[in-house]
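Chemist: Mapping to the UniProt record's numbering: the sequence shown position 177 is 177, numbers consecutive. Pasting a structure here, questions to come.
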Amino acid sequence: MLDRLSVLCFAGTYGLALAAELARLVARAPIRWHLTLGLTLLGWLVHSVFLGNLAWREGQLPITSAFHSLLVLAWILVAIDLYLSVSAPKPATVGAFVLPMVLALLGAAVAMPPEARADWTRLGGWETVWGTAHGVLLLLGAVSTCVAFASGLMYLAQANRLKRKRPLRVGIALPSLEQSERWNRAAITLAFPLLTAGLAIGVILNATSRREGAAVLDWWDPKVISAALLWVVFAVLLHVRYRPEWRGKAVMLLTALAFAFLLFTLLGVDLLLPTSHGIARGLEVTP
C-alpha cells in the first residue's frame, strides 16, 4: 500500500507537467516549456529514487511483477521524453504525447495486484536468469513501441495542422514531419528485434519447462497465440515501414494498431482471457 501511495506522488508531478504543457494550447510562453521540463525532471528524479530503493530492497531488478514492470516502463519513457525534448532542434511539445501514456501506465501499475508476479520467479537457477532476460527484452520492446506510437501521433497532429494551414503561433509547438518520421522509423526498427528475442526466449523457457514436467503455459494458451500474432504484426509493420509506397499517415495508423495489439498481448490477455500467464495467475490467488 505504501508503495502505491508513493507512486501517486511522482504521478502527481507528471500530471502537473502535463497540465503546464497543455496550457501552451492557450498561449505560448518560453517559461511554460521550461516549467514543463522542470516538473518532468523532478518527477523522474523522485521516480528514480523510488525504483532504486525498490531494487535495493528486493535485491533484483524491479521487473518481477506487473506493478514493477509498468513502473520501469513509465520511467524509461519519461527519460526518453526528456531526451527528445532537449535534443530537438527547437523547443517542441513531446510531453503532451508521452506523459498521458506515462500516467496511464502508472495508473495501471497501482491497479495491479502485488501477487501478479512473473512466472520465472518461481523457477530458480539459470531459468531465472533467462526469464529476467525475457522480461527485460519485452520491456524494452514495449518502450520502443510506445515511442513509435507517440511519434506517430506527433506526425498525424502536425500533418493535420499543415493541411488546415493553421498558423504556428496557435496551439503547441510540434516536431516537424521529418523529425517525427525519423523517431518512428528508429523506434520500430529497434522494437522488432527486441520483441523477437524476448518472445523467442519465452518459447525456449516454456519448451524446457515442458520437458521437465513443469510447463507453465500450454502451446494453445491465449497468451502464446497472441504473442505469435504480435510478432507477425510487428514483422508486417517493419516491412511496411521501409516500403517507399507506404509512407506518412498510413504507416502511423498501422503503428497505432500495432501499439494497441501490444497492449492487448501484454496486459489485456492476462486480464480478460483464461490464461496461465503470470498476471492472470496472480489474479487467481488474490483474495
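We treat Cβ as the ideally placed atom computed from N, Cα and C, and that holds for glycine. Keep in mind it's a predicted model, so treat the numbers as computed, not measured.
With DSSP collapsed to three states, give me the class of S176.
Modeler: Locating residue 176 in the sequence shown gives position 176, where the first residue counts as 1. Here S176 sits in coil by DSSP.
Chemist: In chain order, what are the residue ranges of uninterrupted beta strand (DSSP E) at least 3 long that sit wholly in the stretch 225 to 250?
Modeler: Listed in chain order, nothing qualifies, since the stretch 225 to 250 has no complete beta strand (DSSP E) run of 3 or more residues.
Chemist: Could I get the ranges of all uninterrupted alpha helix (DSSP H) runs contained in the stretch 64 to 150, with 4 residues as the minimum, in chain order?
Modeler: Listed in chain order, they are 66 to 87 and 95 to 111.
Chemist: Tell me the DSSP secondary structure of Q60 in three-state form.
Modeler: In the sequence shown, residue 60 corresponds to position 60, counting from 1. Here Q60 sits in coil by DSSP.
Chemist: Have a look at I204, H239 and F261 and flag the residue whose alpha-carbon is nearest the alpha-carbon of V251.
Modeler: Numbered from its first residue, the sequence shown carries residue 251 at position 251. Nearest option by C-alpha distance: H239.
Chemist: Tell me which same chain residues have a C-beta within less than 7 Å of the C-beta of V224, skipping the five on either side of it?
Modeler: Position 224 of the sequence shown holds residue 224. Result list for V224: L217, in chain order.
Chemist: Give a yes or no on whether the C-beta atoms belonging to L71 and L51 are separated by under 8 Å.
Modeler: Counting from 1 along the sequence shown, the entry for residue 71 is found at position 71. Counting from 1 along the sequence shown, the entry for residue 51 is found at position 51. Yes, Cβ-Cβ distance for L71 and L51 is below 8 Å.
Chemist: Kindly indicate which three-state DSSP category W183 falls into: helix, strand or coil?
Modeler: As a first step, residue 183 must be located in the sequence shown, where it is residue number 183. It is helical.
Chemist: Shortest alpha-carbon distance to A191 belongs to which of W56, L139 and T40?
Modeler: To locate residue 191, count along the sequence shown from 1; it is residue 191. It is L139 whose Cα lies nearest to the Cα of A191.
Chemist: Give the DSSP-derived three-state secondary structure of V26 in the structure shown.
Modeler: As a working mapping, residue 26 is identified with position 26 in the sequence shown. Here V26 sits in coil by DSSP.
Chemist: Do you know offhand how far M112's Cα is from G131's?
Modeler: The residue labelled residue 112 in the question sits at position 112 within the sequence shown. The residue labelled residue 131 in the question sits at position 131 within the sequence shown. Approximately 20 Å between the Cα atoms of the pair.
Chemist: Please tell me whether F10 and T145 are closer than 8 Å, where the distance is taken between their beta carbons.
Modeler: Reading the sequence shown from its first residue, position 10 is the one you call residue 10. Reading the sequence shown from its first residue, position 145 is the one you call residue 145. Not a contact, by the Cβ cut-off of 8 Å.
Chemist: Give a yes or no on whether the C-beta atoms belonging to L17 and L39 are separated by under 8 Å.
Modeler: In the sequence shown, residue 17 corresponds to position 17, counting from 1. In the sequence shown, residue 39 corresponds to position 39, counting from 1. Per the sequence shown, residue 17 should be read as Ala rather than Leu. Cβ distance < 8 Å, so A17 and L39 count as in contact.
Chemist: Take F67 as the anchor and find which of V94, G15, L5 and Y14 has the nearest alpha-carbon.
Modeler: Taking the sequence shown and counting its residues from 1, one reaches residue 67 at position 67. The residue with the shortest Cα to Cα distance from F67 is L5.
Chemist: Give a yes or no on whether the C-beta atoms belonging to L174 and Q158 are separated by under 8 Å.
Modeler: Within the sequence shown, the letter at position 174 stands for residue 174. Within the sequence shown, the letter at position 158 stands for residue 158. Contact: yes.
Chemist: Which same chain residues end up closer than 8 Å to A88 when comparing Cβ atoms and leaving out the 5 residues on each side of it in sequence?
Modeler: Counting from one through the sequence shown, the residue named residue 88 turns up at place 88. Same-chain partners within the cutoff: V94, P175 and Q179.
Chemist: By a C-beta neighbour count over all protein chains shown, 10 Å radius and 16 as the cutoff for buried, is W33 buried or exposed?
Modeler: Sequence index remark: in the sequence shown, residue 33 carries index 33 (1-based). Classification for W33: buried.
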